[in-house]
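Undergrad:
There are 2 protein chains.
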Amino acid sequence: MVEDASSSGAPTLEAVAARAGVSRATVSRVVNGSTTVKPEAIRAVQQAIAELDYVPNRAARSLASRRTQTIALIVPESAAKVFADPFFASVVQGVALALARTDYTLTMLIESEADPTKTGRYLRGGNVDGGIVVSHHESDHSYVDAGIPMVFGGRPIDGGESAGPTVDVDNRNAARAAVEHLVERGRTCVATIAGPQDMPPGLDRFAGFREALEAAGLDASLVEFGDFTPASGAIAMRRLLERGVPIDALFAANDQMAIGAYSAIREAGLSIPEDIAVVGFDDDVHSATAVPPLTTVHQPSVDMGASMASILVDLIEGREAPTATLLPTTLVVRQSS
Amino acid sequence: MVEDASSSGAPTLEAVAARAGVSRATVSRVVNGSTTVKPEAIRAVQQAIAELDYVPNRAARSLASRRTQTIALIVPESAAKVFADPFFASVVQGVALALARTDYTLTMLIESEADPTKTGRYLRGGNVDGGIVVSHHESDHSYVDAGIPMVFGGRPIDGGESAGPTVDVDNRNAARAAVEHLVERGRTCVATIAGPQDMPPGLDRFAGFREALEAAGLDASLVEFGDFTPASGAIAMRRLLERGVPIDALFAANDQMAIGAYSAIREAGLSIPEDIAVVGFDDDVHSATAVPPLTTVHQPSVDMGASMASILVDLIEGREAPTATLLPTTLVVRQSS
DNA sequence: TTGAAAGCGCTAACAC
DNA sequence: GTGTTAGCGCTTTCAA
């Protein structure tokens with residue numbers, strides 16, 4: 043179906059102007075919602091736009107306005123983890139959904155391990171208006187001074203100044219509350235499967251664990267480390283059990299490791315929660331349907347993504363934005379504790 | 043740090059040309075790998091590019107060349123599922139990784155339910171060179187004739203002509219093999235939790251289930267439907283058990299529903315695989331660490347994403363590409379069967 | 001093999 | 001309020 047015999051590709055602003063009987067500038071004004079246009083002109087333009095099925099060309103708009111209306115989502119190449127981890131997946135989902143309601147477009151930037159400077163150069167090349175970083179594993183944030191606004195998920199590694207606003211949950215206090223819950227249930231030999239200690243969530247949840255036990259006067263030496271994967275949780279749990287000391291509760295730094303621990307606990311012929319009560323962290327999709335359903339710390343992951351997106355948009359558009367946003371967690375008590 | 047006192051923002055091609063002592067056209071040729079440039083000129087330009095830390099401006103390039111070097115990843119607004127589903131997450135990961143090795147950029151397009159035409163208009167607006175569609179729930183693919191190449195994950199709904207190349211696994215035969223495995227293990231009362239029957243994977247896996255049982259002369263009426271979520275799996279399993287007829291095996295149309303079924307089976311005081319053998323589909327991250335580890339059909343999800351990406355790039359660049367790619371599945375036998 | 005020049009489709013002063 | 005006029009930074013004929 044040919045819309046306009048004289049045009050070859052998509053209709054241009056010029057075609058709209060001609061059809062509406064106004065100048066290109068006026069069409070541009072209407073498209074961009076300028077208030078200084080006569081109502082009748084607005085109507086004429088809108089009708090022409092509809093008739094022609096006109097869509098502004100992003101590249102041209104961006105070139106002329108020096109804005110790209112594009113936001114980069116920066117994920118590490120070890121993206122396996124980013125997407126396999128339901129928590130990150132929800133954060134991404136939150137970002138994407140929030141942005142879908144704006145005029146911004148999301149582009150995914152995988153940090154190439156082969157060429158670590160690629161990401162930074164792309165950001166500095168004026169191709170995006172801002173960036174969202176959803177991992178903290180690396181401390182080499184060479185893109186921090188990309189000259190454009192950046193928002194980070196999770197607090198920066200200690201010592202590293204935050205390069206921009208952060209959106210996070212209070213991991214330490216949330217972990218502390220989770221462990222206190224175990225203590226209140228009468229558990230006295232509480233172990234933990236901590237996360238990697240080069241990542242803030244790993245560090246902070248571990249700190250919360252220790253705080254809770256020390257406050258209760260309990261031993262806090264039943265510790266093994268995992269890398270947030272189910273398999274690492276299973277391995278860590280086996281090591282804890284092999285110590286041969288009594289354990290009546292476990293705090294896992296995330297749900298995936300908790301689920302991994304489930305299998306090790308079962309292998310050992312122990313039952314949950316009778317022999318060992320388990321609490322996780324994240325409240326991912328699988329925790330509610332685990333057997334038994336997992337008590338865990340719920341993080342508002344979709345909201346975190348949405349917050350990051352809206353903070354970034356505020357920054358890009360020159361509005362004020364909080365430099366550190368802490369979203370509330372809640373302990374979801376199910377049958378594992 | 044000011045690289046070049048005379049320039050304000052990022053260095054332009056013009057600045058590179060000046061520094062290298064050549065024309066802008068020559069710089070453009072070098073950047074785009076033209077072979078008709080003298081080696082010494084190439085070197086001079088490359089050095090200038092390095093010194094200036096020059097990055098081509100995408101918008102300008104796209105405007106002039108009428109190519110965008112951008113590929114859209116189109117996901118339904120019910121993106122909750124897309125990202126919560128580890129299978130889709132891996133597919134996306136495969137797409138992203140494959141594209142990271144090319145000059146193409148991935149932009150995520152969420153199909154707005156509020157304005158269903160938005161996606162189509164964006165695609166038709168010349169903003170991307172091609173699109174990858176990773177869901178088939180909707181039959182309204184209004185973007186099929188967006189005038190740009192499109193690649194689809196999974197075969198189209200019956201009747202709907204494929205609007206472009208598809209990448210898929212042979213769901214029917216894979217399901218059939220999974221069920222045959224149960225039959226070979228001596229199971230005779232095989233139930234299934236099928237997926238939604240408006241989605242090809244749901245349909246095809248169900249068809250494979252029936253085929254296998256009919257070929258074995260067994261009853262194929264133990265069927266309940268779920269929506270691929272763990273919760274729906276649990277509910278469906280409960281309904282199956284409530285029928286009061288003997289069941290000694292279950293084929294779930296995906297792992298998430300299989301895991302959901304696990305809890306219903308346990309609630310009923312039955313054990314896996316002694317009382318009921320279970321086989322899933324997808325081989326997602328959790329299946330190996332489930333208790334017991336789940337026997338399942340492994341899909342090469344990352345490869346599927348990568349295939350979609352490379353097929354799309356071939357199409358965009360005018361190369362031939364297969365219209366239907368079927369990737370191999372393998373039955374991973376673990377302890378649940 | 002290289003340069004000059006003409007746009008790509010749009011925005012943004014600046015006049016009117 | 002609206003039109004005119006320059007470009008935004010790059011690619012791409014066309015000549016040389």
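The listed protein sequences derive, respectively, from chains E and D. Residues in the first sequence are numbered consecutively from 43, following the numbering used here. Residues in the second sequence are numbered consecutively from 43, following the numbering used here. Backbone N, C-alpha and C fix where the C-beta goes; we use that ideal spot for every residue, glycine too.
1) Can you give me the Cβ contacts of arginine 229 of chain E inside the same chain, cut-off strictly under 8 Å, excluding the 5 residues immediately before and after it?
2) Whose Cβ in chain D lies nearer than 7 Å to the Cβ of tyrosine 304 of chain E?
3) Using only CA atoms, which one of E/Gly302, E/Glu256, E/Gly167 lies nearest to alanine 278 of chain E?
4) Can you grab the Cα-Cα spacing for the pair threonine 367 of chain D / glutamine 89 of chain D, in whole Å?
5) Going by DSSP, name the residue or residues bridged to proline 364 of chain E.
6) Run through the DSSP bridge pairs and tell me what proline 118 of chain D is partnered with.
7) Could you run through the segment 321–332 of chain D and flag, in chain order, every residue whose CB is less than 9 Å away from some CB of chain E?
8) In chain D, what lies closer than 8 Å to tyrosine 164 of chain E by C-beta?
9) Would the segment 128–138 of chain E and the segment 70–83 of chain E be scored as touching if the rule is three or more Cβ pairs under 8 Å?
10) Could you compute how far the alpha carbon of proline 238 of chain E sits from the alpha carbon of alanine 332 of chain D?
11) How should valine 117 of chain D be labelled, buried or exposed, when 16 other C-beta atoms within 10 angstroms of its C-beta is the threshold for buried?
12) Please confirm whether threonine 337 of chain D and valine 374 of chain D have their CB atoms less than 8 Å apart.
13) Secondary structure at methionine 299 of chain E, three-state DSSP: helix, strand or coil?
14) Within the continuous beta strand (DSSP E) that includes phenylalanine 323 of chain E, where are the two ends?
15) Quick one: does leucine 139 of chain E have its CB under 8 Å from some CB of chain D?
16) Could you round the C-beta distance between leucine 115 of chain E and valine 176 of chain E to whole angstroms and report it? I think they count as a contact, below 8 Å.
17) Between aspartate 145 of chain E and the rest of its own chain, which residues show a CB-CB distance below 7 Å, the 5 nearest in sequence each way excluded?
18) If the cut is a Cβ gap below 7 Å, which residues of chain E does methionine 150 of chain D touch?
19) Counting contacts by CB-CB distance shorter than 8 Å, is leucine 105 of chain E in contact with chain D?
20) Name the chain E residues whose beta carbon is nearer than 8 Å to that of serine 70 of chain D?
21) Alpha carbon to alpha carbon, what distance is there between proline 128 of chain D and aspartate 261 of chain D?
22) Is the distance from the Cβ of leucine 105 of chain E to the Cβ of alanine 101 of chain D below 8 Å?
23) Give the interface partners of asparagine 169 of chain E over in chain D, defined as CB-CB distance under 7 Å, in chain order.
24) Measure how close the beta-carbons of alanine 62 of chain D and alanine 86 of chain D come, nearest whole angstrom, since I'm counting them as under 8 Å.
25) Anyone know if the C-beta pair for proline 315 of chain E and proline 334 of chain E falls short of 8 Å?
26) Between glycine 322 of chain E and the ligand NAP, is the CB less than 7 Å from at least one heavy atom?
27) Can aspartate 297 of chain E and aspartate 324 of chain E be called in contact, C-beta distance under 8 Å?
28) Is arginine 227 of chain E close to chain D? Criterion is C-beta to C-beta, closer than 8 Å.
29) Over what stretch of residues does the beta strand (DSSP E) that includes aspartate 210 of chain E continue unbroken?
30) Can you find the residues in the same chain that come closer than 8 Å, C-beta to C-beta, to methionine 299 of chain D, ignoring five residues on each side of it along the sequence?
31) Could you name the residues that DSSP lists as bridge partners for histidine 340 of chain E?
32) Expressed to the nearest angstrom, what Euclidean distance is found between the alpha-carbon atoms of leucine 94 of chain E and valine 170 of chain D?
33) How big is the Cα-Cα spacing for methionine 346 of chain E and histidine 340 of chain E?
34) Using three-state DSSP, classify phenylalanine 270 of chain E as helix, strand or coil.
35) Rounding to the nearest angstrom, what Cα-Cα distance links proline 370 of chain D and arginine 252 of chain D in this structure?
36) Kindly give me the distance between the Cβ atoms of glycine 172 of chain D and isoleucine 190 of chain D, rounded to whole angstroms, as I take these residues to be in contact under 8 Å.
TA: With the structure as the only source:
1) Closer than 8 Å at Cβ, skipping near neighbours: Asp290, Ala291, Ala319.
2) Val333
3) When each option's Cα is compared against that of alanine 278 of chain E, the closest is E/Gly302.
4) As the crow flies, the alpha-carbon of threonine 367 of chain D is around 43 Å from that of glutamine 89 of chain D.
5) According to DSSP, proline 364 of chain E bridges with nothing at all.
6) D/Glu153
7) Shown in chain order are the members of the segment 321–332 of chain D whose Cβ falls below 9 Å from a Cβ of chain E: Asp326, Val327, His328, Ala330, Thr331, Ala332.
8) Val97
9) Counting Cβ pairs under 8 Å, fewer than three are found: no touch.
10) 23 Å
11) buried
12) yes
13) Three-state result, methionine 299 of chain E: helix.
14) 319–324
15) yes
16) 7 Å
17) Closer than 7 Å at Cβ, skipping near neighbours: Gln111.
18) Under the 7 Å cutoff, chain E gives Ala138, Leu148, Met150.
19) yes
20) Residues of chain E with a Cβ closer than 8 Å to the Cβ of serine 70 of chain D do not exist, since the nearest Cβ in that chain sits about 16 Å away.
21) 32 Å
22) yes
23) Arg100
24) 4 Å
25) yes
26) With respect to small molecules bound, the structure shown includes none, and the ligand NAP cannot be examined in it.
27) yes
28) No, because no Cβ of chain D sits closer than 8 Å to the Cβ of arginine 227 of chain E.
29) 208–211
30) Answer for methionine 299 of chain D: Ile235, Gly237, Gly268, Phe270, Thr271, Pro272, Ser274, Gly275, Ala278, Gly322, listed in chain order.
31) E/Asp324, E/Thr372
32) 19 Å
33) 12 Å
34) coil
35) The alpha-carbon separation between proline 370 of chain D and arginine 252 of chain D amounts to approximately 21 Å.
36) That pair is a contact at about 5 Å.
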